[in-house]
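As you go down the protein sequences, you meet chains X and C in turn.
Heads up: the first sequence at position 140 corresponds to 167 in our numbering, and the numbers run straight through without jumps.
Heads up: the second sequence at position 51 corresponds to 839 in our numbering, and the numbers run straight through without jumps.
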Amino acid sequence: MMGELILRNLLHRPMRTLIGAMGIAVEVALVILIVGLTNGLLTETAKRIEGIGADIMVQPPSASFLFAFGSAPMPIKIGDKLAELKYVKSVAPVLFQFNTSGVEVVYGIDSESFRAVSGGFVFLQGNDLEGPDDILVDDIAAKTKKIQPGQTYRIFDHDWHVAGIVEHGKGSRLFVPLATLQELVGARDKATIFFVKCTRPEHMDDVMENIRHILPGYTVRPLKDYLSLMTSTNIPGLEAFINSMILLAISIGLLVIFLTMYTTVIERTRDIGVLKSLGANHWFVIRALLAESAALCLLGVGAGVGLSYLVRAGFLWKFPTLTILITPEWILRATGIALAGAMLGASYPAWMASRKDAVEALSYD
Amino acid sequence: MGIAATITEPTEGLLFQGKKSVEPILRTENLWKLYRAGKVEVPALRGVNFEVLPGESVAVMGPSGCGKSSLLYVIGGLAQASRGKVLVDGNDLTELSDAARTKLRRHKIGFVFQRFNLLPTLTAKGNIAIAQFIHGDGFDPHRFDVVTQMLGLAGRLHHKPSELSGGEQQRVAIARAIINEPKILLADEPTGNLDSKNSEIVLQMLRQLNKDLGQTIVMITHNPEATTYFHRVVHMRDGIIVDGVPAD
Ligand SMILES: Nc1ncnc2c1ncn2[C@@H]1O[C@H](COP(=O)(O)OP(=O)(O)OP(=O)(O)O)[C@@H](O)[C@H]1O
Ligand SMILES: [Mg+2]
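Written out as structure tokens, the structure reads:
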């Protein structure tokens, strides 16, 4: 019976139901997309790094695993010391440089050592870095930026000659010769990171032990740990940012439900009086309104999940390099968040309704 | 059901004269009701003494503003009395908490209003069923059939109030009020919004409920003809009852 009452009430004012559900849908989509984009970017970066194929990465003391822009590069000579260690097959020094917008990282690599560590690029077009101004572009970047081999590509105020298009998944989307990048950014004989390949994977722990021994204080980690490190909790400020965004989204849902239920309660003043004349107590009135809000909210959640996938599809169509991760876990969380917000938003109108004087309510026009 | 057969049986009027020993189902003692309008207190009831026996049907008449509705609301536990006693089936409403009055209303009182007051989103059936739902005993199909047939609603149950005539709406409201077998049916000008034909139907049905089911009824009315359907008429003026003469 309660179910029927709620359904009929929702259908009675379709516009109100639609707007209320849309508010919740926007809330849910915001949560899912913000979290999905952050996680997508992080996971995608992590996977690319993992795809390099090295076993260990070595960074200067106190370096963030995020390869933060400002982290002081290390002398390239350290690489020689690493190469001498037992069970080390090869070492590849890489200099990271972010482009001006700060989203894209360019790898300065030494072709030979990078190939030794990573097993080499898969060339889809063109050839490897040969001249000092050569640049390699991965297929995804080539597609979005519409780059062809032989073209000139300008980055860091420098004209590069596009030497080849490589398959994506080797850490970055853009690769230039290490020496040229060192020169360009004023980091002569410096590297941001060393990727180390062991002779056999089982030697990894021993090698890491040895590296820690000769380079005390340096950050030494297995590449396969990288994925698990790339979560928003490990990035300073990101968690707080996401939480603030979620809070903003909740407030949208809360306000929409509040306004919807508030006007509903006023509109139904006489009905509430009728329910009371039939012997409905405060709790019955509160329950009916909260259940109606919950139903409205769940409608919105459904629409919101759909909206998220729609927006994601739109973005991926326009920006194929973007990764937006929509997980069942976060759909559930967004549902919970929306429901909690809706209950909070509906609680005052529901309480107001339950407190109405029955006689006054019955004479309300 | 045999309803039609019993409708004209001439037992009214005689039934209660020999039964004065029966405990009243409803009794008020020096009942006062004051409304606060800003800083002044408006007395709507000024010492009402009123008794209704089980199975009795009583019409309450009086000029506008004399306190008829106030009396009904206080008796039904919708409004709190200011002074005096209200005994419904042995329970003094003035000593009950708001929650307890609500519970008593749920189990012992049925209301019918001048404006029908059906829930607009529910069908006729839904409007009746929700009273059973609030009552808490769930849907009783047998009682539902008896009541809806008696009120001639069988064919109209799946219509919404907006699709029903005034007379039909009021019959649904009556069905809703009596579906849980209340001790007392309280009706506030139930024919006030109806034409004379529908008024007559509603009044006949109220009389039938009283006779066939023994339903105790207290009805407010402005219509002198309506009183002929009831055992007794009570006249009110300025918040008090001015007589209690039997109708016949
Ligand atoms: N909520 C209220 N606040 C203040 N005064 C009120 C309130 N309700 C009723 N009154 C006053 O109490 C008195 C009795 O009102 P009541 O509604 O009981 O009269 P009534 O006999 O039912 O009148 P009518 O025949 O017009 O329905 C009136 O003077 C009315 O103005
Ligand atoms: Mg009145």
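The beta carbon of each residue, even a glycine, is placed where N, CA and C say it ideally should be.
If one requires a minimum length of 3 residues, the beta strand (DSSP E) runs lying completely within the stretch 130–160 of chain X are 132–136 and 150–153, in chain order. The residues V848, G850, I1008 and M1024, in chain order, have a CB closer than 7 Å to that of K856(C) in the same chain once the five nearest residues on each side in sequence are set aside. Beta-bridge analysis with DSSP links F899(C) to L974(C). For Q996(C), the uninterrupted alpha helix (DSSP H) run begins and ends at S984 to L1001, by DSSP. Straight-line spacing of the CA atoms in L317(X) and G372(X) works out to 10 Å. Burial check for K113(X): the Cβ neighbour count within 10 Å stays below 16, so the residue is exposed. Of all residues, those with a beta-carbon under 5 Å from at least one heavy atom of ligand 1 are Y823(C), A825(C), V830(C), A832(C), S852(C), G853(C), C854(C), G855(C), K856(C), S857(C) and S858(C), reported in chain order.
For the 8 Å CB-CB criterion, K197(X) and S145(X) form a contact. Counted as a single uninterrupted DSSP element, the stretch harbouring C324(X) is not any beta strand (DSSP E) but the alpha helix (DSSP H) occupying residues H309 to K345.
With respect to the 8 Å criterion, K948(C) and T979(C) are not classified as neighbours on the basis of their beta carbons. In terms of Cα proximity to A190(X), the closest of I182(X), D184(X), F202(X) and F183(X) is F202(X). Annotation for Y180(X): the continuous beta strand (DSSP E) segment containing it runs T179 to I182. Here the stretch 833–842 of chain C does not lie against the stretch 989–1000 of chain C, with fewer than 3 beta-carbon pairs under 8 Å apart. Interface annotation, V312(X): not in contact with chain C, CB-CB separation never under 8 Å. Secondary-structure assignment with DSSP links E839(C) through a beta bridge to R815(C).
Within the stretch 181–250 of chain X, the alpha helix (DSSP H) runs of at least 4 residues that lie entirely inside it are, in chain order, 205–212 and 231–241. Taking 3 residues as the minimum length, the beta strand (DSSP E) runs contained wholly in the stretch 47–87 of chain X are 83–86, in order along the chain. In this model, A143(X) and T354(X) are separated by some 36 Å (Cα to Cα). Here I162(X) is bridged, per DSSP, to V189(X). According to DSSP, residue pairing for T1004(C) in a beta bridge involves I972(C).
Cβ neighbours of F342(X) within its own chain (closer than 8 Å, five residues either side excluded): L349 and I351.
With a contact defined as Cβ atoms closer than 8 Å, Q152(X) and P120(X) miss out at about 27 Å.
Annotated three-state conformation of V810(C) is coil, per DSSP.
Spanning the alpha carbons of I241(X) and Y253(X) requires a straight line of approximately 23 Å. Within its own chain, the residues whose Cβ lies closer than 7 Å to the Cβ of I922(C), once the five positions on either side in sequence are excluded, are R894, listed in chain order. The beta carbon of V338(X) lies closer than 7 Å to those of A56 and L60 in the same chain, with the five residues before and after it left out. DSSP, reduced to helix, strand and coil, places D880(C) within a strand of the structure shown.
Listed in chain order, the beta strand (DSSP E) runs fully inside the stretch 907–976 of chain C are 972–976, counting runs of at least 3 residues. DSSP, read as helix, strand or coil, puts R43(X) in helix. For L45(X), the nearest beta carbon of chain C is not closer than 8 Å to its own beta carbon. For P851(C), there is no enclosing beta strand (DSSP E), as DSSP marks it with neither H nor E.
Within the same chain, K896, I897 and G898 come within 7 Å of P970(C) by CB-CB distance, once the 5 residues on both sides are set aside. Burial check for M84(X): the Cβ neighbour count within 10 Å reaches 16 or more, so the residue is buried. At least one heavy atom of ligand 2 is found less than 7 Å from the C-beta of D976(C). Chain X places a beta carbon closer than 8 Å to that of A917(C), counting this residue as a contact. The stretch 946–965 of chain C makes no contact with the stretch 876–888 of chain C; the number of CB pairs closer than 8 Å stays below 3.
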